[in-house]
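The listed protein sequences correspond, in order, to chains A and B.
Counting the first sequence from 1 gives a position; the numbering used here is that position plus 32.
Counting the second sequence from 1 gives a position; the numbering used here is that position plus 15.
Glycine residues also receive a C-beta, built at the ideal position from the N, C-alpha and C atoms.
In this text the structure is predicted, and so the values were computed from the model without any measurement.
Have a look at the structure below before the remarks.
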Amino acid sequence: MPKCLVEVGGRRIIDYQLELLHSIESVRIVVGFMEEQVIEHVRRIRSDVVFVRNPEFRTTSNTHSLFLATRDLREAYFSIDGDLLIDPASFRAFLDACDGSRTVVGITASKTEEAVFVNLTPDGRSVARFARSPRTTHEWCGIACMSRVKMPERQSTFVYQVLEQDLPLAAQDILCYEVDTPDDLEFARKHFRPC
Amino acid sequence: MTTAYCFDLDGTVTREEILPVLSRRVGLYEEISALTEATLKGLIPFRKSFLLRCRLLRDLPISEVQATIANIPLHQNIVDFIRARRDVCYIVTGNLDVWVRPLQELLGCRFHWSSASVVDDRLQSVDHVLHKGDAVKSLRRDFDRIVAVGDGMGDVPMFEEADVRIAFGGTHTPIQSLIEYTDYVTFDDKALCTLLSTQ
Numbered sequence: 033m034p035k036c037l038v039e040v041g042g043r044r045i046i047d048y049q050l051e052l053l054h055s056i057e058s059v060r061i062v063v064g065f066m067e068e069q070v071i072e073h074v075r076r077i078r079s080d081v082v083f084v085r086n087p088e089f090r091t092t093s094n095t096h097s098l099f100l101a102t103r104d105l106r107e108a109y110f111s112i113d114g115d116l117l118i119d120p121a122s123f124r125a126f127l128d129a130c131d132g133s134r135t136v137v138g139i140t141a142s143k144t145e146e147a148v149f150v151n152l153t154p155d156g157r158s159v160a161r162f163a164r165s166p167r168t169t170h171e172w173c174g175i176a177c178m179s180r181v182k183m184p185e186r187q188s189t190f191v192y193q194v195l196e197q198d199l200p201l202a203a204q205d206i207l208c209y210e211v212d213t214p215d216d217l218e219f220a221r222k223h224f225r226p227c
Numbered sequence: 016m017t018t019a020y021c022f023d024l025d026g027t028v029t030r031e032e033i034l035p036v037l038s039r040r041v042g043l044y045e046e047i048s049a050l051t052e053a054t055l056k057g058l059i060p061f062r063k064s065f066l067l068r069c070r071l072l073r074d075l076p077i078s079e080v081q082a083t084i085a086n087i088p089l090h091q092n093i094v095d096f097i098r099a100r101r102d103v104c105y106i107v108t109g110n111l112d113v114w115v116r117p118l119q120e121l122l123g124c125r126f127h128w129s130s131a132s133v134v135d136d137r138l139q140s141v142d143h144v145l146h147k148g149d150a151v152k153s154l155r156r157d158f159d160r161i162v163a164v165g166d167g168m169g170d171v172p173m174f175e176e177a178d179v180r181i182a183f184g185g186t187h188t189p190i191q192s193l194i195e196y197t198d199y200v201t202f203d204d205k206a207l208c209t210l211l212s213t214q
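Below you can see the structure in the form of structure tokens.
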């Protein structure tokens, strides 16, 4: 099953995300693995989503998916990984911190098994460095407001590696839970509060 | 870079398939709807199915067909998009010139269509059935990039020649084998036009 369709608290992960995005006029969802099921599920909740197909999802990284979704855009955009459970209040604070003029990187207290840790600048407001180790207080959470960030096509890099080129970048703390492994899912089921 | 936008007509610009609407007038709604659905799913080749449907509808006066088609409901956001860009928008339809002409007058863009002869307000013969891929190819002379929007397997030849392919499910749900030819899928005409405006 695609991670966005995993059930937590009686609803799919993507249901919670779509609820957070109800005031965002234009929503695009990149689909790959089991696209038919994802499209069928999402359109029942929100009919005006544009689905962007990534048929090469098995051999490409998330930068290629984001490239496909944004290659025609000139304005700033929000990017959200499909496997995130996000606290609504902190997501609203994130949206408030973004005016489209600068890139803002979402960070969260370190808790996932395969984290990309962030080093913050001394004032704590910006990301100075991403690294797989050593462990730090915060990790890259897979949410960003991208301003003038062009994703490369068919690269094996990850989104944080593209952002690395523009560091330091403004950081905004978000309470969220990534569901990457069974342990992450168990942790999220225990701690995630949708409202 | 110059971009052309090619739209299928039935079920894409129109909110209903045209031939089943016409078939109510000759009491063949069930039969023609079944043929149309099978064609959309790619179970019957478009050319054979279309010629058969034309034969079933040939006794309808052309003036009556045109009056019906002039009142068929349309996706208004798509109509507005086309009317604002008449020089770069094209309707690519297998439907007959003598039937869908009222929609050409309404939309004001150029049509690539099948053609027929008329005698005494009746369909005499279908002279040419459009191959949608050939229609798109012919635009290559004037455009660097071609965006195609469609909803059925009859649109696959158009998608095969286009640079950007969009499955639009505003009337029918596009089947998965059609979706596999596309870059984008959407079910809402406003979202479709927002997407088109960035292409």
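What is the DSSP secondary structure of residue i, reduced to helix, strand or coil?
{"i": "A131(B)", "result": "strand"}
{"i": "Y192(A)", "result": "helix"}
{"i": "D149(B)", "result": "helix"}
{"i": "A85(B)", "result": "helix"}
{"i": "Y105(B)", "result": "strand"}
{"i": "Q49(A)", "result": "helix"}
{"i": "E72(A)", "result": "helix"}
{"i": "V80(B)", "result": "helix"}
{"i": "I97(B)", "result": "helix"}
{"i": "E39(A)", "result": "strand"}
{"i": "T17(B)", "result": "coil"}
{"i": "F121(B)", "result": "The residue you asked about is not Phe; residue 121(B) is Leu in the sequence shown. Reduced to three states, the DSSP call for L121(B) is helix."}
{"i": "Q139(B)", "result": "strand"}
{"i": "T201(B)", "result": "strand"}
{"i": "C208(A)", "result": "strand"}
{"i": "T213(B)", "result": "coil"}
{"i": "L98(A)", "result": "helix"}
{"i": "L111(B)", "result": "strand"}
{"i": "L201(A)", "result": "strand"}
{"i": "F126(B)", "result": "strand"}
{"i": "V162(B)", "result": "strand"}
{"i": "R73(B)", "result": "coil"}
{"i": "I33(B)", "result": "helix"}
{"i": "F219(A)", "result": "helix"}
{"i": "V82(A)", "result": "strand"}
{"i": "R40(B)", "result": "helix"}
{"i": "R156(B)", "result": "coil"}
{"i": "F65(A)", "result": "coil"}
{"i": "R116(B)", "result": "helix"}
{"i": "F89(A)", "result": "coil"}
Out of the options, which one is the CA nearest neighbour of residue i?
{"i": "M66(A)", "options": "C36(A), E57(A), Q204(A), R78(A)", "result": "C36(A)"}
{"i": "E52(B)", "options": "D25(B), R40(B), A85(B)", "result": "D25(B)"}
{"i": "L67(B)", "options": "V115(B), P76(B), K56(B), A49(B)", "result": "A49(B)"}
{"i": "E32(B)", "options": "L75(B), T17(B), T83(B), F158(B)", "result": "T83(B)"}
{"i": "D149(B)", "options": "H127(B), V133(B), S140(B)", "result": "H127(B)"}
{"i": "R134(A)", "options": "A176(A), D205(A), V148(A)", "result": "A176(A)"}
{"i": "T17(B)", "options": "V94(B), D159(B), R101(B), T197(B)", "result": "D159(B)"}
{"i": "V121(B)", "options": "G169(B), L89(B), L37(B), V134(B)", "result": "In the sequence as displayed, the identity of residue 121(B) is Leu instead of Val. When only C-alpha atoms are compared, the closest one is L89(B)."}
{"i": "R44(A)", "options": "S58(A), Q69(A), V84(A), N86(A)", "result": "Q69(A)"}
{"i": "I139(A)", "options": "Y109(A), C130(A), I112(A), E171(A)", "result": "E171(A)"}
{"i": "G169(B)", "options": "L34(B), L207(B), R40(B), P60(B)", "result": "P60(B)"}
{"i": "I71(A)", "options": "R180(B), V164(B), R39(B), Y199(B)", "result": "Y199(B)"}
{"i": "K56(B)", "options": "G167(B), H187(B), Q91(B), I194(B)", "result": "G167(B)"}
{"i": "H54(A)", "options": "G41(A), V62(A), S79(A)", "result": "S79(A)"}
{"i": "S192(B)", "options": "I77(B), L58(B), D23(B), F202(B)", "result": "L58(B)"}
{"i": "T144(A)", "options": "C173(A), V59(A), M178(A), G132(A)", "result": "C173(A)"}
{"i": "Q197(A)", "options": "I206(A), R180(A), S122(A), G156(A)", "result": "R180(A)"}
{"i": "N92(B)", "options": "Q139(B), A163(B), P189(B), T29(B)", "result": "T29(B)"}
{"i": "I97(B)", "options": "T27(B), I194(B), R40(B)", "result": "T27(B)"}
{"i": "R76(A)", "options": "T213(B), T201(B), L211(B)", "result": "T201(B)"}
Is the Cβ of residue i closer than 8 Å to any Cβ of chain E?
{"i": "Q91(B)", "result": "Here chain E cannot be found, since the structure's protein chains are A and B."}
Kindly examine the ligand MG and report whether one of its heavy atoms sits closer than 7 Å to the Cβ of residue i.
{"i": "H127(B)", "result": "Because no ligand of any kind appears in the structure shown, any question about the ligand MG cannot be addressed here."}
Subject >> Uninterrupted alpha helix (DSSP H) stretches inside the segment 107–189 of chain A (no shorter than 4 residues) >> reply: 120–129
Original post:
Counting pairs of Cβ atoms below 8 Å between the segment 145–158 of chain A and the segment 89–104 of chain A, do you hit three or more?
Top reply: no
Subject >> Segments assigned beta strand (DSSP E), at least 3 residues, entirely inside the segment 166–193 of chain B >> reply: 179–183
Subject >> Contact list for the segment 39–68 of chain A against chain B, Cβ threshold 9 Å >> reply: E57, S58, V59, R60, V63, E67, E68
Original post:
Along the segment 71–101 of chain A, what residues have a CB closer than 8 Å to any CB found in chain B?
Top reply: I71, R75, S79, D80, V81, V82, F83, V84, R85, P87, L100
Subject >> Any 3 or more C-beta pairs closer than 8 Å across the segment 115–135 of chain A and the segment 160–167 of chain A >> reply: no
Subject >> Any 3 or more C-beta pairs closer than 8 Å across the segment 196–215 of chain A and the segment 152–160 of chain B >> reply: no
Original post:
the segment 98–129 of chain A: which residues have C-beta closer than 7 Å to a C-beta of chain B, in chain order?
Top reply: D104, L105
**OP:** Spell out a yes or no on whether the segment 39–59 of chain A and the segment 103–118 of chain A are touching, meaning 3 or more CB-CB pairs, one atom from each, closer than 8 Å.
**Re:** yes
**OP:** Flag this pair as touching only if the segment 170–190 of chain A and the segment 216–223 of chain A have three or more C-beta atom pairs under 8 Å; answer yes or no.
**Re:** no
Original post:
What residues in the segment 198–211 of chain B bring their beta carbon closer than 7 Å to a beta carbon of chain A?
Top reply: D198, Y199, V200, T201, F202, D203, K205, A206, T209, L210
Original post:
Between the segment 133–149 of chain B and the segment 89–109 of chain B, are three or more C-beta pairs nearer than 8 Å?
Top reply: yes
Original post:
Are at least three pairs of beta-carbons, each pair with one atom in the segment 80–91 of chain A and one in the segment 141–149 of chain A, less than 8 Å apart?
Top reply: no
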